[in-house]
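Accompanying notes for the structure given below.
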Ligand code: PHB
């Protein structure tokens with residue numbers, strides 16, 4: 049354990065002894081203090097869109113529901129970790145816990161960053177709400193992790209099952225193309241397992257570097273191999289480059305379809321991807337075109353607050369993540385003790401803008417609908433239109 053976390057523990061013990069001596073008084077004093085939430089996001093660098101989306105969603109939530117829950121003011125401390133350096137995320141998490149005394153850690157744009165912060169949450173006994181990072185194994189890295197985003201396995205398995213049985217596109221052979229790190233490898237494995245179980249064939253599995261990827265040579269290899277389709281996953285922010293290379297290399301004309309997770313057809317990027325996306329089938333847990341009254345209101349308010357940015361799936365992980373913190377505080381009556389908050393979060397159910405969701409009390413992962421979608425022109429813009437629902441779907445593991 050680092051000396052600084054040790055210092056915090058000592059401070060907590062002294063506070064605890066004083067509380068015992070003075071009866072209820074310190075508790076009342078503590079209740080007047082804000083509950084601090086350390087929100088660590090990539091606000092700069094190649095994954096800054098994830099930070100922008102989640103930050104906007106959390107501000108929208110507080111604008112709509114106020115800045116207190118369970119009688120306590122909720123103060124958000126936003127920190128930029130740049131998105132690419134696990135050591136920076138770990139240091140920021142440690143500083144937030146030790147110096148700022150945050151009682152919840154939240155955010156985490158990419159898997160390696162969530163891995164880096166997990167031991168800090170365990171040592172400090174603070175809930176860590178993972179809003180974006182989506183490798184299946186993440187919640188196993190700390191008993192204090194709760195996830196409000198999704199997992200790649202969760203959205204990929206239904207797409208592979210659907211593609212293997214769909215008789216309109218008749219996809220029987222696929223090449224996979226994924227970013228070469230945690231969530232990409234999960235997506236590749238789960239797609240392969242489900243698609244081959246459904247009778248399909250995988251011709252090859254291509255992995256692209258996470259940083260500065262050049263998709264052109266990979267698209268050429270796919271074109272030369274002529275599978276019925278390419279299945280693609282890249283993290284949010286990188287999808288436009290995939291779509292551009294898919295179009296420029298003429299894969300469609302060569303008879304190769306694209307199917308993908310919704311990370312590639314990220315709603316924030318859809319206006320810049322444009323027409324190229326039309327007709328592409330994908331799967332995900334959220335689309336800005338989700339036709340519920342809650343979502344229509346969310347999209348309208350989000351775009352107003354962000355001055356025109358479309359909410360994407362990461363924004364919803366953020367919106368539901370802060371909702372979970374608020375609801376847990378209401379349940380504990382404002383007590384922000386880590387173990388009590390965590391117990392309150394387990395099993396929580398609510399209607400999200402994406403549909404019904406709950407936190408599995410055993411795995412601390414989100415259970416939610418997964419939708420199969422097709423990109424279409426709607427009201428002058430390209431949207432992922434949901435046409436099939438796999439209800440209340442748990443992370444199937446890898
Ligand atoms: C991840 O690093 O876990 C991650 C990031 C962005 C995504 C999906 C997964 O869109």
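In our numbering, the protein residues as written are 49 to 446.
Beta carbons: idealized from backbone N, C-alpha and C, even for Gly.
Under three-state DSSP, which class holds residue 225?
-> For the purposes of this step, residue 225 is identified with residue 177 of the chain shown, where counting begins at 1. If DSSP states are grouped into helix, strand and coil, residue 225 belongs with the strands.
Cα separation between residue 177 and residue 112?
-> Sequence index remark: in the chain shown, residue 177 carries index 129 (1-based). Sequence index remark: in the chain shown, residue 112 carries index 64 (1-based). Rounded to the nearest angstrom, the two C-alpha atoms are 21 angstroms apart.
Start and end residues, alpha helix (DSSP H) containing residue 200 = Here the question's residue 200 lines up with position 152 in the chain shown. From DSSP, the alpha helix (DSSP H) with residue 200 extends over 200 to 213.
Mapping DSSP to helix, strand and coil, what is residue 320?
-> Position 272 of the chain shown, counted from the start, is the residue given in the question as residue 320. It is helical.
Helix, strand or coil at residue 149 according to DSSP, with G and I counted as helix | As a working note, residue 149 is residue 101 in the chain shown. DSSP, read as helix, strand or coil, puts residue 149 in coil.
Taking the CB atoms as reference points, tell me whether residue 405 and residue 441 lie closer together than 8 angstroms.
-> Counting from 1 along the chain shown, the entry for residue 405 is found at position 357. Counting from 1 along the chain shown, the entry for residue 441 is found at position 393. Cβ distance not < 8 angstroms, so residue 405 and residue 441 don't count as in contact.
How would you label residue 425, buried or exposed, when you count the other beta carbons within 10 angstroms and need 16 or more for buried?
-> One-based indexing of the chain shown puts residue 425 at position 377. Label assigned to residue 425: exposed.
Host beta strand (DSSP E) of residue 125 (start-end) = Position 77 of the chain shown holds residue 125. Residues 120 to 128.
Can we count residue 180 as close to the ligand PHB, meaning its CB is less than 7 angstroms from some heavy atom?
-> By 1-based counting over the chain shown, the position of residue 180 is 132. Under cutoff, so the answer is yes.
Residue 329 in three-state terms, based on DSSP | Counted from its first residue, the chain shown places residue 329 at position 281. Strand at residue 329.
Stretch-stretch touch, CB-based, cutoff 8 angstroms, three pairs: the segment 293 to 311 with the segment 158 to 176 | no
Less than 7 angstroms between the CB of residue 225 and some heavy atom of the ligand PHB, yes or no?
-> In the chain shown, residue 225 corresponds to position 177, counting from 1. Result no, Cβ not under 7 angstroms from the ligand PHB.
Tell whether a beta-carbon distance below 8 angstroms holds between residue 196 and residue 234.
-> Mapped onto the chain shown, residue 196 falls at position 148. Mapped onto the chain shown, residue 234 falls at position 186. No; because the gap between Cβ atoms is not below 8 angstroms, this pair is not in contact.
Can the beta-carbon of residue 232 be found less than 8 angstroms from the beta-carbon of residue 255?
-> Taking the first residue of the chain shown as 1, we reach residue 232 at position 184. Taking the first residue of the chain shown as 1, we reach residue 255 at position 207. Cβ distance < 8 angstroms, so residue 232 and residue 255 count as in contact.
Determine the direct distance from the alpha carbon of residue 152 to that of residue 143, and round the result to whole angstroms.
-> Walking along the chain shown from the start, residue 143 turns up at place 95. Walking along the chain shown from the start, residue 152 turns up at place 104. Between residue 143 and residue 152, the C-alpha separation is close to 13 angstroms.
So what's residue 216 in DSSP terms, helix, strand or just coil?
-> Along the chain shown, one-based indexing puts residue 216 at 168. If DSSP states are grouped into helix, strand and coil, residue 216 belongs with coil.
Could you tell me how far apart the beta carbons of residue 310 and residue 330 are, in whole angstroms, since I believe they sit closer than 8 angstroms?
-> Translated into positions along the chain shown, residue 310 becomes position 262. Translated into positions along the chain shown, residue 330 becomes position 282. Indeed, because the Cβ distance is near 5 angstroms, the residues count as touching under 8 angstroms.
Could you tell me whether the Cβ atoms of residue 529 and residue 366 are closer together than 8 angstroms?
-> Only positions 49 to 446 of the chain appear in the structure, and residue 529 is not among them; the question remains open.
Buried or exposed for residue 428, please, with buried defined as at least 16 other CB atoms from any protein chain shown within 10 angstroms of its CB.
-> On the chain shown, position 380 is the one that residue 428 refers to. Per the 10 Å Cβ criterion, exposed.
Which residues in the same chain have their Cβ closer than 8 angstroms to the Cβ of residue 436, if we skip the five residues on either side of it in sequence?
-> Your numbering for residue 436 matches position 388 in the chain shown. Excluding sequence neighbours, residue 436 sits near 210, 419, 420.
For residue 149 versus residue 386, is the C-beta spacing smaller than 8 angstroms?
-> Residue mapping note: residue 149 aligns to position 101 of the chain shown, counting from 1. Residue mapping note: residue 386 aligns to position 338 of the chain shown, counting from 1. Result no, Cβ atoms of residue 149 and residue 386 do not sit closer than 8 angstroms.
Could you give the C-beta distance for residue 280 and residue 312, rounded to a whole number, given that I count them as a contact under 8 angstroms?
-> Within the chain shown, the letter at position 232 stands for residue 280. Within the chain shown, the letter at position 264 stands for residue 312. About 5 angstroms; that satisfies the 8 angstroms criterion.
Quickly, what does DSSP pair residue 423 with across the bridge? List them, please.
-> Reading the chain shown from its first residue, position 375 is the one you call residue 423. Answer by DSSP bridge pairing, in chain order: 432.
Which residues does DSSP pair with residue 304 in a beta bridge?
-> Taking the first residue of the chain shown as 1, we reach residue 304 at position 256. Answer is none; residue 304 lacks a bridge partner.
Does the ligand PHB have even one heavy atom less than 7 angstroms from the beta-carbon of residue 125?
-> Taking the chain shown and counting its residues from 1, one reaches residue 125 at position 77. Every heavy atom of the ligand PHB is 7 angstroms or more from the Cβ of residue 125, so no.
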